[in-house]
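Sequence lines, in order, name chains A and B.
When we follow my numbering, the leftmost residue of the first sequence carries the number 987, and every step to the right adds one.
When we follow my numbering, the leftmost residue of the second sequence carries the number 17, and every step to the right adds one.
Glycine is no exception: its CB is placed at the ideal position from the N, C-alpha and C atoms.
Working notes, beginning with the structure itself.
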Amino acid sequence: MELHALTIHALQDLLASGEISSLELTRSVLDRIDGVEPKVNAYITLDRDGALAQAAAADTQRQRGEGGSLCGIPLSIKDVLCTKGLRTTAGSKILEPFIPPYDATVVEKLRNNGAVILGKVSMDEFAMGSANENCAYGTPKNPWNLAHVCGGSSGGSAASVAADECIASLGSDTGGSIRQPASHCGIVGIKPTYGRVSRFGLLAYASSLDQVGPLAKDVRDAAIMLGAISGYDPRDSTSVNQKVPDYTAALAPDCKGLTIGIPKEYFGAGLDPEVDEAVRRGIALLEEAGGKTVEISLPHTEYGVAAYYIIAPAEASSNLARYDGVRYGFRDHDQDELLEMYRHSRSQGFGEEVKRRIIIGTYALSSGYYDAYYKKASQVRTLIVQDYAKAFSQCDLLVSPVTPAPAWKIGAKIDDPLSVYLSDILTICTNLAGLPGMSVPCGMSSSGLPIGLQLQASHFSEEKIFRAAYALEQRLGLAGNKPQL
Amino acid sequence: MKITPEEVRYVAKLARLSLSEAEVEKTTLQLDGILSYVEKLGELDTTSVQPTTHALAIHNAFRADETRESLPQQEALANGPLQNGEAFVVPKVI
């Protein structure tokens, strides 16, 4: 197997023994990018020279006995995280010329760990989307079938991992944007508990929901990545000061002692029969691994999408007010009146979906509608949080599908935003409650598209998720399953 | 509730967005569909339910009120689409 196809943990051994260098590894990944990127279109900005320089530095670091768990490992980064001196677009024309003067905390942590940052990968504009079809720089393709979407909004991250155009990646998840593309691309993606990972330097979409997390080739790699980026950050006032466990130590081949809840509302009408079958097979394997299953009810699940599509756009309308064409980003220089300059710069710089959500959010927050929409949605959010609290008094984990169906064809839903919003129905409530959630591959559809299984746990219980996901992965034997490109 | 093109134009103005007539028409239809779906929330009685604004029990995080180092002026200005080396330049307001 070529170096670019290996996992972080396999490469750690090869790098530690001196069998390979980070320079060799990085060249292998760059060659792979040259070979498949014209088909996949995962990258917005590739920093070839920077990556090779970082790899050489990592090799020196390693020789000195320095560097962390990711020393010399080439990674891609969703283009929503600030990278000092490296263009950061958020998938938007409005930020096309933006060169951040600082690193996001998670990027700084990766650099301090010795990781090699290859470049910035595709995303739905400002992380708004479920298919990565709203990117100003083109749609990345699903490596398993290039006619299909790879999911969004961290679609570039998922595609780059699945296509071996990096060893692992960072994404962000506001309503399912790590888990959903991970599911569609047959890889592992985890959205950690809100507050576990710093949001400093993450270009904000909906601040009370956004969370950064890894996308990786297998469960162990996801645990290594999450360990590297977790922890308190005084620069993020919503960061939680709590000790970070060793997630890799939680990986065990069984689920003995874990009670696994099956939320009945997640297996309702509209679920693709092949997804239903694959997830139920996964549940049977978790039982075989020693997990005890119980049926759980989360009665307000069906209201999650409606609450989310008020709360997230409301926060977005506020967060995106900063893009005014004055301090950074695109500006329409033809306007000689300030308000017109704002309006024309924003209208030309933002794409259709972003404008749609800003308008929804502004409407929901406007005078006379606040109580009917935003307050109501925030109250329903409380009911969803209470559903979970009750569920986790009865079980350790919740198991469900990630998406109602495998990845759809590119363009199939482009004019029907509501139908796209409903594809997030199984992931959105996790964000409203701030819980950790993972997508782990559990099967393939008859048309050859991956299917993911979702694991959710109570706040800061990522270790339970890793344990069950690892036990499942060991029994399924899907790790190492690769698309033909 | 039926959304009108006038409401879309008004909200777009509040949001500092300029929409073409075709965009107003399309947005009106789509917003109407989305908000009709959101009406679903009205099925629930939330009279005695406190709203959640934050997923965790985190309260305001205060920092000491002290001067700290900031970005150098040139770095802070570097991404400005129009600047004069000392400040961002905008169309005359007064």
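Chain A contact for residue 117 of chain B (CB, 7 Å cutoff) | This structure leaves residue 117 of chain B out entirely; chain B is present only between 17 and 110.
Going along the chain, which residues of its own chain have a beta-carbon closer than 6 Å to the beta-carbon of residue 991 of chain A, five neighbours each way excluded?
-> For the purposes of this step, residue 991 of chain A is taken as residue 5 along the first sequence, with counting starting at 1. Answer for residue 991 of chain A: 1150, listed in chain order.
Among the residues of its own chain, which have a CB less than 8 Å from the CB of residue 1355 of chain A, if the five just before and after it don't count?
-> Position 369 of the first sequence holds residue 1355 of chain A. Counting only residues of its own chain and dropping the five nearest sequence neighbours on each side, residue 1355 of chain A has a CB closer than 8 Å to the CB of 1349.
Under 9 Å from the C-beta of residue 37 of chain B: neighbouring residues of chain A = Along the second sequence, read from residue 1 onward, the residue named residue 37 of chain B stands at position 21. One finds nothing in chain A with a Cβ atom closer than 9 Å to the Cβ of residue 37 of chain B; even the nearest lies about 13 Å away.
Which first and last residues belong to the alpha helix (DSSP H) in which residue 1404 of chain A is found?
-> Translated into positions along the first sequence, residue 1404 of chain A becomes position 418. 1403-1408 is the span of the alpha helix (DSSP H), which, as asked, contains residue 1404 of chain A.
Measure from the alpha carbon of residue 1300 of chain A to the alpha carbon of each residue in A:1360, A:1053, A:1254, then state which is nearest.
-> As a first step, residue 1300 of chain A is located in the first sequence; it is residue number 314 there, counting from the start. Among A:1360, A:1053, A:1254, the Cα nearest to that of residue 1300 of chain A is on A:1360.
Partners in chain B for residue 1366 of chain A, counting only beta-carbon separations shorter than 7 Å = The residue given as residue 1366 of chain A occupies position 380 in the first sequence. Near residue 1366 of chain A (Cβ distances below 7 Å), the residues of chain B are 57, 60, 62.
List the residues of chain A that residue 91 of chain B touches, going by C-beta distances under 7 Å, in chain order.
-> Here residue 91 of chain B refers to the residue found at position 75 of the second sequence. Chain order gives the chain A residues near residue 91 of chain B as 1087, where near means a beta carbon separation below 7 Å.
Check each candidate in A:1224, A:1155, A:1275 and name the one with the smallest Cα separation from residue 76 of chain B.
-> Counting from 1 along the second sequence, the entry for residue 76 of chain B is found at position 60. The candidate whose alpha carbon is nearest that of residue 76 of chain B is A:1224.
Mind checking who residue 1384 of chain A pairs with in its DSSP beta bridge?
-> Translated into positions along the first sequence, residue 1384 of chain A becomes position 398. Here residue 1384 of chain A is bridged, per DSSP, to A:1247, A:1442.
Which chain B residues are close to residue 1311 of chain A, counting only those with a beta carbon under 8 Å from its beta carbon?
-> Working through the first sequence from its first residue, we reach residue 1311 of chain A at position 325. Within chain B, the C-beta atoms nearer than 8 Å to that of residue 1311 of chain A come from 97, in chain order.
Taking 8 Å as the threshold, find out whether the stretch 1128-1137 of chain A comes into contact with the stretch 1086-1097 of chain A through three or more Cβ pairs.
-> Under the three-pair Cβ rule at 8 Å, the stretch 1128-1137 of chain A does not count as touching the stretch 1086-1097 of chain A.
Opening and closing residue of the alpha helix (DSSP H) in which residue 48 of chain B lies | Taking the first residue of the second sequence as position 1, residue 48 of chain B is located at position 32. Unbroken alpha helix (DSSP H) run through residue 48 of chain B: 37-54.
In the DSSP assignment, what residue or residues form a beta bridge with residue 1029 of chain A?
-> For this step, residue 1029 of chain A is matched to residue 43 along the first sequence. In the DSSP assignment, residue 1029 of chain A forms a beta bridge with A:1107.
By the 10 Å Cβ neighbour count, where 16 or more other Cβ atoms means buried, how is residue 1388 of chain A classified, buried or exposed?
-> Here residue 1388 of chain A refers to the residue found at position 402 when the first sequence is read from its first residue. Buried: at least 16 other Cβ atoms inside 10 Å.
For the stretch 78-89 of chain B, which residues have a CB atom closer than 7 Å to at least one CB atom of chain A, in sequence order?
-> Those would be 87, in chain order.
For my contact list, residue 1118 of chain A and residue 1105 of chain A are in at a C-beta cut-off of 8 Å; report their separation, rounded to the angstrom.
-> Working through the first sequence from its first residue, we reach residue 1118 of chain A at position 132. Working through the first sequence from its first residue, we reach residue 1105 of chain A at position 119. The Cβ separation is near 16 Å, so there is no contact.
When you compare only the Cα positions, how much space is there between residue 1107 of chain A and residue 1208 of chain A?
-> Counting from 1 along the first sequence, the entry for residue 1107 of chain A is found at position 121. Counting from 1 along the first sequence, the entry for residue 1208 of chain A is found at position 222. The straight-line gap from Cα to Cα measures roughly 18 Å.
Please classify residue 1150 of chain A: does DSSP put it in a helix, a strand, or coil?
-> In the first sequence, the residue the question calls residue 1150 of chain A occupies position 164. Note: residue 1150 of chain A maps to coil in three-state DSSP.
How is residue 75 of chain B classed by DSSP in three states: helix, strand or coil?
-> One-based indexing of the second sequence puts residue 75 of chain B at position 59. Residue 75 of chain B falls in the coil class under three-state DSSP.
Compare the C-beta of residue 71 of chain B with all C-beta atoms of chain A and state if any pair is closer than 7 Å.
-> The sequence position of residue 71 of chain B within the second sequence is 55, counting from 1. Chain A contact via Cβ: present.
Residue 23 of chain B versus residue 45 of chain B - alpha carbon distance = Looking up residue 23 of chain B in the second sequence gives position 7. Looking up residue 45 of chain B in the second sequence gives position 29. As the crow flies, the alpha-carbon of residue 23 of chain B is around 12 Å from that of residue 45 of chain B.
Taking C-beta pairs closer than 7 Å, name the residues in chain A that residue 68 of chain B reaches, listed in chain order.
-> Stepping through the second sequence from its first residue, residue 68 of chain B is reached at position 52. Those within 7 Å of residue 68 of chain B in chain A are 1364, 1367, 1368, 1371.
Taking residue 30 of chain B as the query, report the chain A residues whose CB atoms sit under 8 Å from its CB, ordered along the chain.
-> Counting from 1 along the second sequence, the entry for residue 30 of chain B is found at position 14. Chain-order list of chain A residues neighbouring residue 30 of chain B: 1348, 1352, by C-beta distance under 8 Å.
May I ask you to report which of helix, strand or coil DSSP gives residue 1178 of chain A?
-> Stepping through the first sequence from its first residue, residue 1178 of chain A is reached at position 192. Residue 1178 of chain A carries a coil assignment under DSSP once its states are collapsed to helix, strand and coil.
What is the DSSP secondary structure of residue 1470 of chain A, reduced to helix, strand or coil?
-> Position 484 of the first sequence, counted from the first residue, corresponds to residue 1470 of chain A. Here residue 1470 of chain A sits in coil by DSSP.
Under 7 Å between beta-carbons, which chain B residues line up against residue 1292 of chain A? List them in chain order, please.
-> One-based indexing of the first sequence puts residue 1292 of chain A at position 306. Residues of chain B passing the Cβ test: 53, 54, 56, 57.
Using the rule of at least 16 other Cβ atoms within 10 Å of the residue's Cβ for burial, across every protein chain shown, is residue 1124 of chain A buried or exposed?
-> Residue numbering aside, residue 1124 of chain A sits at position 138 when the first sequence is read from its first letter. With fewer than 16 Cβ atoms within 10 Å of its Cβ, residue 1124 of chain A is classed as exposed.
Excluding sequence positions up to five away, which residues of its chain have a Cβ less than 6 Å from the Cβ of residue 1226 of chain A?
-> In the first sequence, counting from the first residue as 1, residue 1226 of chain A sits at position 240. Excluding residues within five positions, the ones whose Cβ falls inside 6 Å are 1181.
Can you find a CB in chain B that lies within less than 7 Å of the CB of residue 1317 of chain A?
-> Position 331 of the first sequence, counted from the start, is the residue given in the question as residue 1317 of chain A. Residue-level contact by beta carbon holds for residue 1317 of chain A and chain B, with a gap shorter than 7 Å.
Measure the C-alpha to C-alpha separation of residue 1055 of chain A and residue 998 of chain A and round it to an integer number of angstroms.
-> Translated into positions along the first sequence, residue 1055 of chain A becomes position 69. Translated into positions along the first sequence, residue 998 of chain A becomes position 12. Straight-line measurement puts the Cα of residue 998 of chain A at about 7 Å from the Cα of residue 1055 of chain A.
Would you mind working out which of A:1051, A:1060, A:1232 sits nearest residue 1033 of chain A, comparing C-alpha positions?
-> If you number the first sequence from 1, residue 1033 of chain A lands on position 47. Checking every option, the nearest Cα to that of residue 1033 of chain A belongs to A:1060.
At 4 residues or longer, and completely inside the stretch 1086-1141 of chain A: list those alpha helix (DSSP H) runs for me, N to C.
-> As far as the stretch 1086-1141 of chain A is concerned, its whole alpha helix (DSSP H) runs of at least 4 residues are 1091-1099.
Would you mind reading off the limits of the alpha helix (DSSP H) that contains residue 1321 of chain A?
-> Counting from 1 along the first sequence, the entry for residue 1321 of chain A is found at position 335. Bounds of any alpha helix (DSSP H) do not take in residue 1321 of chain A, whose DSSP letter is neither H nor E.
Any C-beta of chain B sitting closer than 7 Å to the C-beta of residue 1314 of chain A?
-> Walking along the first sequence from the start, residue 1314 of chain A turns up at place 328. Taking Cβ atoms only, chain B reaches closer than 7 Å to residue 1314 of chain A, which makes this a yes.
Is the beta carbon of residue 1116 of chain A sitting closer than 7 Å to the one on residue 1304 of chain A?
-> Residue 1116 of chain A sits at position 130 when you count from the first residue of the first sequence. Residue 1304 of chain A sits at position 318 when you count from the first residue of the first sequence. Taking 7 Å as the cut-off, the Cβ atoms of residue 1116 of chain A and residue 1304 of chain A do not count as close.
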